[in-house]
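**Student:** Just so you know, the sequences run in chain order S and W. Taken in order, the first sequence gives residues 1 to 265; the numbers are from this note's numbering. Taken in order, the second sequence gives residues 1001 to 1265; the numbers are from this note's numbering. Using N, Cα and C, we set each Cβ at its ideal position, and we do this for glycine too. Keep in mind it's a predicted model, so treat the numbers as computed, not measured.
Number of protein chains: 2
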Amino acid sequence: MNVDRSSLQTGAQVRQACRAGKFTGQTSGLAPGFAQANLVILREQDAFQFLRFCQKNPKPCPLLEVTEAGDPGLRKLAESADLRTDLPRYRVWKQGELIEEPTEISHLWQDDLVSFLIGCSFTFESALIDSGLSVRHIDLGVNVPMYRTTIPCEPAGIFSGPLVVSMRPFKPADAIRAVQITGRFPAVHGAPIHLGFPEQLGITNLAQPDFGDAVPVEPGELPVFWACGVTPQAVLMQAKLEFAITHSPGCMFVSDLKDEALAIS
Amino acid sequence: MNVDRSSLQTGAQVRQACRAGKFTGQTSGLAPGFAQANLVILREQDAFQFLRFCQKNPKPCPLLEVTEAGDPGLRKLAESADLRTDLPRYRVWKQGELIEEPTEISHLWQDDLVSFLIGCSFTFESALIDSGLSVRHIDLGVNVPMYRTTIPCEPAGIFSGPLVVSMRPFKPADAIRAVQITGRFPAVHGAPIHLGFPEQLGITNLAQPDFGDAVPVEPGELPVFWACGVTPQAVLMQAKLEFAITHSPGCMFVSDLKDEALAIS
């Protein structure tokens, strides 16, 4: 049913395949070099406080674009995109409960829906790999390990909750390079928020992540922690909004923007 | 005898006071915002291999300027400087032995002398402090702790020896900031070369530095290591050249260049 993944080399090709119902899978590794984004769709009545939440917590919630209410199109991330059809799979939430995981949301669209496109760590992981660094969970073919910390986000209205971090282990010299490389990408979480002492974040056992899969940290390696895009999703779930739509995990929006266009220099 | 330090607010003022014999002290804290530099003066016959050594080891030996043989002036770092008189104090070396510490070297000048101006960590320490970070040895009013590592420099001719590193302890989030801030200054040692595991550098006891003074590393802090400008001086001494002149420790050349002019962005 799904098209050959190797035929999806640009953001436009991925979106077109999704729109035609020919691709419903995970987007990791598709359209190499094109920035992918997390999607959150809320009613206008909730949008202002969520936008304030993102503005107050830019490391976990780096906003790439926020739409006008009712507009399923984008201005900056892609031309002629339709957020109702152009992702492989969505999640629909009511009162904080997952209701369905459709492959398009045209039937749910309303004039008061505002879409938030939030930067994704795929972009900086590509930059790490392009620089010759090894990213453990990618080498192992598993999901990145993620942890709830004891660090609270800055709250905004009903939106509050702990910072969620992702962890990638590196040897010290590679950790330094990783700080420099990811620091160039403030639009996709930027530099790490911590390295070295998980207990300072309230993480008691690296082998038991709250999301994703555990990866080994070898002797002589430092665990390096980045603010994670799961943070706004966890905050959203906790807020138990009457209605919300997000992308399905791993099924991101693929943009026309090149990863390198998100670098500061 | 020495002029009031507070009257020395620019590189030109410091150099003028040195030239007039009115200042012979350490330059740390003088002319805030102006880049200071290490000085090495060699005979032309030794200059090429030393230049190659610096070129092969840019982290410990970031070259700011290399003069023509016999020219005591500079083109880039300062106008109308005279390297024979414009530093507070010099060290004169013969066969690797310290012979004298004069306040000017006009009587020793020869037509075949080449001067190397090498970036100094004062520049990036100013940037760290301006960013709100605390630099331990500065807070304690002592010299930075420095350690010989087991990492060999890339040799060039008779010049070889271990990398010497300086150490500054930081909490993890500050260590990350320190990587980002000092990474902007590749002309003055740049980003750290290591953090977290001194034993990986062959350093067995942080409390016993090979040069400078020990500073405490508190629980929850990471020792962060930068390549150090003492490296070329140690290499020079070990080479036991027939003749060399350096600045006296802490008595640097103060340039007309602003620290920020050495940043890459």
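Should S:E242 go down as buried or exposed, given a rule of 16 or more other Cβ atoms within 10 Å for buried?
**Tutor:** On the first sequence, position 242 is the one that residue 242 of chain S refers to. Looking at its Cβ environment, which holds fewer than 16 other Cβ atoms inside 10 Å, S:E242 is exposed.
**Student:** Quick one: which chain S residues come within Cβ less than 8 Å of W:P1192?
**Tutor:** Counted from its first residue, the second sequence places residue 1192 of chain W at position 192. Here the neighbours are I176.
**Student:** With which residues is W:K1171 paired in a DSSP beta bridge?
**Tutor:** Within the second sequence, residue 1171 of chain W is the residue found at index 171, counting from 1. Paired residue(s): none; W:K1171 is not in a bridge.
**Student:** Do S:L128 and S:P172 come within 8 Å of each other at the CB atom, strictly closer than that value?
**Tutor:** To locate residue 172 of chain S, count along the first sequence from 1; it is residue 172. To locate residue 128 of chain S, count along the first sequence from 1; it is residue 128. No, the pair does not count as a contact, with Cβ atoms beyond the cut-off.
**Student:** Flag W:F1124 as yes if its beta-carbon sits less than 8 Å from any beta-carbon of chain S, otherwise no.
**Tutor:** The count along the second sequence starts at 1 and reaches residue 1124 of chain W at position 124. Closer than 8 Å: no.
**Student:** Does the beta carbon of S:G132 come closer than 8 Å to any beta carbon on chain W?
**Tutor:** Here the question's residue 132 of chain S lines up with position 132 in the first sequence. No, because no Cβ of chain W sits closer than 8 Å to the Cβ of S:G132.
**Student:** Using the Cα positions of W:F1253 and W:R1015, report the straight-line distance between them to the nearest angstrom.
**Tutor:** Mapped onto the second sequence, residue 1253 of chain W falls at position 253. Mapped onto the second sequence, residue 1015 of chain W falls at position 15. Near 8 Å, if we compare the C-alpha coordinates of W:R1015 and W:F1253.
**Student:** Let me see if you follow: with CB-CB separation under 8 Å, is S:A17 close to chain W or not?
**Tutor:** Translated into positions along the first sequence, residue 17 of chain S becomes position 17. No, no contact with chain W.
**Student:** Scan the stretch 1128-1175 of chain W and note each continuous beta strand (DSSP E) run of 3 residues or more that stays entirely inside, going in chain order.
**Tutor:** As far as the stretch 1128-1175 of chain W is concerned, its whole beta strand (DSSP E) runs of at least 3 residues are 1146-1152 and 1162-1170.
**Student:** Going residue by residue through the stretch 2-67 of chain S, where are the continuous alpha helix (DSSP H) segments of at least 4 residues, counting only ones entirely within it?
**Tutor:** Correct list: 11-19 and 44-56.
**Student:** What are the residues of the stretch 46-68 of chain S that lie near chain W, defined by any Cβ-Cβ distance shorter than 8 Å?
**Tutor:** Cβ contacts with chain W: none found.
**Student:** Give the residues of chain W in contact with S:A173, contact being defined as C-beta atoms less than 7 Å apart.
**Tutor:** Translated into the one-based positions of the first sequence, residue 173 of chain S becomes position 173. By Cβ distance, chain W contributes I1193 and H1194.
**Student:** Using CA coordinates, which residue listed in W:I1138, W:M1237, W:S1006 and W:Y1090 is at the minimum distance from W:T1024?
**Tutor:** Residue mapping note: residue 1024 of chain W aligns to position 24 of the second sequence, counting from 1. For W:T1024, the nearest C-alpha among the options comes from W:Y1090.
**Student:** Would you say W:V1179 reaches chain S, if we count a Cβ-Cβ gap shorter than 8 Å as a contact?
**Tutor:** The residue you call residue 1179 of chain W lines up with position 179 of the second sequence. Yes, W:V1179 lies at the interface with chain S (some Cβ there is under 8 Å from its Cβ).
**Student:** Shorter than 8 Å from the beta carbon of S:G202 to some beta carbon of chain W?
**Tutor:** What you label residue 202 of chain S is simply residue 202 of the first sequence in a count that begins at 1. Closer than 8 Å: no.
**Student:** Determine, using beta carbons only, whether W:L1163 comes closer than 8 Å to chain S.
**Tutor:** Within the second sequence, the letter at position 163 stands for residue 1163 of chain W. Taking Cβ atoms only, chain S never reaches closer than 8 Å to W:L1163, which makes this a no.
**Student:** Which residues, in order along the stretch 219-230 of chain S, keep a beta-carbon less than 7 Å from a beta-carbon of chain W?
**Tutor:** Answer in chain order: G220 and L222.
**Student:** Which of the three DSSP states, helix, strand or coil, is assigned to W:V1217?
**Tutor:** For the purposes of this step, residue 1217 of chain W is taken as residue 217 along the second sequence, with counting starting at 1. Correct three-state label for W:V1217: coil.
**Student:** Please list the partners that W:F1197 has in chain S, where partner means a Cβ-to-Cβ separation under 7 Å.
**Tutor:** The sequence position of residue 1197 of chain W within the second sequence is 197, counting from 1. By Cβ distance, chain S contributes P172 and G220.
**Student:** Which value, in whole angstroms, describes the spacing of the CA atoms of S:P232 and W:S1134?
**Tutor:** Along the first sequence, read from residue 1 onward, the residue named residue 232 of chain S stands at position 232. Along the second sequence, read from residue 1 onward, the residue named residue 1134 of chain W stands at position 134. In a straight line, the C-alpha of S:P232 is about 33 Å away from that of W:S1134.
**Student:** Please decide whether S:G70 counts as near chain W, where near means a Cβ-Cβ distance under 8 Å.
**Tutor:** The residue labelled residue 70 of chain S in the question sits at position 70 within the first sequence. No - not a single Cβ of chain W is within 8 Å of the one on S:G70.
**Student:** Whose C-beta lies closer than 8 Å to the C-beta of S:P186 among residues of the same chain, with five residues either side of it excluded?
**Tutor:** Counting from one through the first sequence, the residue named residue 186 of chain S turns up at place 186. Closer than 8 Å at Cβ, skipping near neighbours: P58, P62 and I264.
**Student:** Out of W:L1042, W:L1201 and W:V1114, point me to the one whose CA is closest to W:A1227's CA.
**Tutor:** Along the second sequence, read from residue 1 onward, the residue named residue 1227 of chain W stands at position 227. Comparing Cα positions, the closest option is W:L1201.
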